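The structure appears right after this line, and notes come after that.
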Amino acid sequence: MSVFERCLEKCRARKGAVVYSDGEDRRVVSAAAKLIREGLVEPILIGDPEKVRAALQESGETGVSLQVVNPYNPALLQHNAAEYMSIQKGKGKDISEEEAIKAVKNPLAAGALMVRRGEAEIGVAGNLSSTADVIRAGLRMVGTAAGSKTVSSFFFMLKDNNVCMFTDCAVIPEPTSAQLADIAISTAGVYKRVMGDEARVALLSFSTKGSAKHERVDKVRAALEEIKTREPNLLVDGELQLDAAVEPEVARLKAPGSPVAGNANVFVFPSLEAGNIGYKIAQRFGGWTALGPLLQGFAHGWHDLSRGCSSDDIYKISVVGLGMNRGGQQ
Numbered sequence: 001m002s003v004f005e006r007c008l009e010k011c012r013a014r015k016g017a018v019v020y021s022d023g024e025d026r027r028v029v030s031a032a033a034k035l036i037r038e039g040l041v042e043p044i045l046i047g048d049p050e051k052v053r054a055a056l057q058e059s060g061e062t063g064v065s066l067q068v069v070n071p072y073n074p075a076l077l078q079h080n081a082a083e084y085m086s087i088q089k090g091k092g093k094d095i096s097e098e099e100a101i102k103a104v105k106n107p108l109a110a111g112a113l114m115v116r117r118g119e120a121e122i123g124v125a126g127n128l129s130s131t132a133d134v135i136r137a138g139l140r141m142v143g144t145a146a147g148s149k150t151v152s153s154f155f156f157m158l159k160d161n162n163v164c165m166f167t168d169c170a171v172i173p174e175p176t177s178a179q180l181a182d183i184a185i186s187t188a189g190v191y192k193r194v195m196g197d198e199a200r201v202a203l204l205s206f207s208t209k210g211s212a213k214h215e216r217v218d219k220v221r222a223a224l225e226e227i228k229t230r231e232p233n234l235l236v237d238g239e240l241q242l243d244a245a246v247e248p249e250v251a252r253l254k255a256p257g258s259p260v261a262g263n264a265n266v267f268v269f270p271s272l273e274a275g276n277i278g279y280k281i282a283q284r285f286g287g288w289t290a291l292g293p294l295l296q297g298f299a300h301g302w303h304d305l306s307r308g309c310s311s312d313d314i315y316k317i318s319v320v321g322l323g324m325n326r327g328g329q330q
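Residue numbers for the sequence shown follow UniProt numbering, so the first one is 1 and each next one is one higher.
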């Protein structure tokens with residue numbers, strides 16, 4: 001099965017609640033209606049009920065009942081403000097109720113806090129909000145996963161029956177060695193949960209096993225050592241050039257004895273520049289389909305959309321986001 005089909009089966013086996021912070025949008029309403037009809041998701045839309053109702057009429061969807069949460073409801077604001085004050089206190093910061101209400105008085109905060117409380121399994125936003133605002137809300141309200149301080153992104157790269165993952169292609173411009181380790185471990189976990197197979201992680205570079213000397217190469221090597229300490233059973237190697245990571249013959253020459261060289265399925269790029277260019281080259285020149293970007297590293301599922309996304313994009317991200325969330329934290 002494809003990545004999407006695998007996630008679809010997980011949703012069919014057990015529906016999950018998905019909260020849409022940018023809920024006053026015809027595209028979200030259309031996606032939510034389709035998910036309801038197919039019995040895949042229990043959508044929760046954040047927004048003014050009248051505006052959501054207008055979007056529903058505009059979309060032409062009939063015969064569906066949508067759950068809507070008004071983020072400005074006074075009782076909800078008080079509840080969310082109290083929770084945010086508790087979050088801040090846990091970080092050693094005391095804030096006033098007025099400051100807390102100001103922080104949570106928006107749809108992104110309302111959706112993220114629902115995810116934090118388990119009232120929704122995942123949250124999806126970004127069709128109306130900027131990526132920076134979506135990630136900021138996730139960091140403040142959802143928090144990062146245990147053992148990780150890094151929020152990053154990945155793409156599932158698909159062609160014929162081949163599936164691999166590229167990371168990070170959308171969030172961190174210059175990851176440190178510790179961040180590269182977080183990214184690699186998080187992405188390997190997603191691959192195993194979704195595909196049911198072991199991840200084989202290649203830490204990419206312009207050098208293979210000491211063929212070049214540079215501080216950027218040193219950063220990748222340091223990331224490998226940290227990963228080995230934290231996850232000694234993970235199949236990972238670096239630094240590897242892309243040809244050594246994917247071609248068995250090149251791997252035998254450049255990285256003999258490597259546990260992943262020539263057969264990698266998770267590719268960790270050393271910078272955002274490399275990752276973004278890399279996935280677009282594969283997509284445009286190589287004919288691969290890029291599914292994503294999806295976010296990882298949060299304590300619970302929290303995903304971003306492009307503001308230019310379609311209703312179908314929202315539908316697919318909802319299914320894949322739920323599917324990759326099953327079986328543990330991201």
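Quick reminder that beta carbons are idealized off the backbone N, C-alpha and C, glycines included.
Note that the coordinates shown come from a computational prediction; the quantities given were computed from them, not determined experimentally.
Within 9 Å, strictly: CB atoms of residue i and residue j
i	j	result
V266	F4	no
E24	L113	no
V64	R37	yes
V260	L235	yes
A199	K192	yes
T62	M157	no
R116	M85	no
A223	A181	yes
L77	V104	yes
Straight-line Cα distance separating residue j from residue i
i	j	result
R12	A255	43 Å
E121	D218	39 Å
I46	S152	25 Å
E239	I227	13 Å
L294	G257	33 Å
Q330	N106	With a pLDDT of 41 at Q330, under the threshold of 50, the modelled position of this residue cannot be trusted, and the question is left open.
G328	F285	A caution first: G328 carries a pLDDT of 43, below 50, which makes its placement in the model too unreliable to give a value.
L291	K34	20 Å
Y20	G308	16 Å
A100	V190	34 Å
E215	E225	15 Å
L305	E119	21 Å
E98	D22	24 Å
F155	Y279	8 Å
P74	N80	10 Å
residue 350	G196	Residue 350 is absent from the model: the chain starts at 1 and stops at 330.
W302	Y315	15 Å
A54	T131	26 Å
T150	T176	10 Å
I95	I277	42 Å
G287	V268	20 Å
Q88	R252	52 Å
C164	Q179	20 Å
A188	R221	18 Å
D313	L8	14 Å
R230	Y72	43 Å
N233	N162	24 Å
Integer-rounded CB distance, given that residue j should sit under 8 Å from residue i
i	j	result
A264	A245	4 Å
K10	G323	4 Å
L56	L40	The pair is not a contact, with the Cβ atoms about 19 Å apart (cut-off 8 Å).
P270	S205	6 Å
E42	K15	6 Å
D237	A202	7 Å
R6	S311	That belief does not hold up - the Cβ atoms of R6 and S311 are roughly 22 Å apart, past 8 Å.
A137	L108	4 Å
V69	A110	7 Å
G321	V194	About 11 Å separates the two Cβ atoms, so there is no contact after all.
D168	L272	6 Å
S30	S2	The pair is not a contact, with the Cβ atoms about 23 Å apart (cut-off 8 Å).
Cβ-heavy atom distance, residue i to the ligand HEM, below 8 Å
i	result
C164	Summarising the ligand content, the structure contains no ligands, and the ligand HEM is consequently not present.
Problem - Within the stretch 69-123, ranges of the alpha helix (DSSP H) (whole runs, at least 4 residues) - result: You should have 74-90, 97-104, 107-117.
Exercise for the section: Taking only runs that begin and end inside the stretch 267-329, name each unbroken beta strand (DSSP E) of 3 or more residues, in chain order. Expected result: Correct list: 289-296, 301-304.
Handout entry: At least 3 beta-carbon pairs within less than 8 Å: the stretch 206-221 vs the stretch 166-173
Key = As far as the Cβ criterion goes, the stretch 206-221 does not touch the stretch 166-173, which means the pair count is below three.
Exercise for the section: Indicate whether the contact test is met: 3 or more Cβ pairs, each with one atom in the stretch 295-304 and one in the stretch 136-146, closer than 8 Å. Expected result: Look at the beta carbons and you see the stretch 295-304 touching the stretch 136-146: at least three pairs across the two are nearer than 8 Å.
Handout entry: Ordered list of beta strand (DSSP E) runs contained in the stretch 173-227, each at least 3 residues
Key = You should have 200-204.
Problem - Every unbroken beta strand (DSSP E) inside the stretch 5-73 [3 residues or more] - result: The stretch 5-73 contains these whole beta strand (DSSP E) runs: 16-20, 41-46, 67-69.
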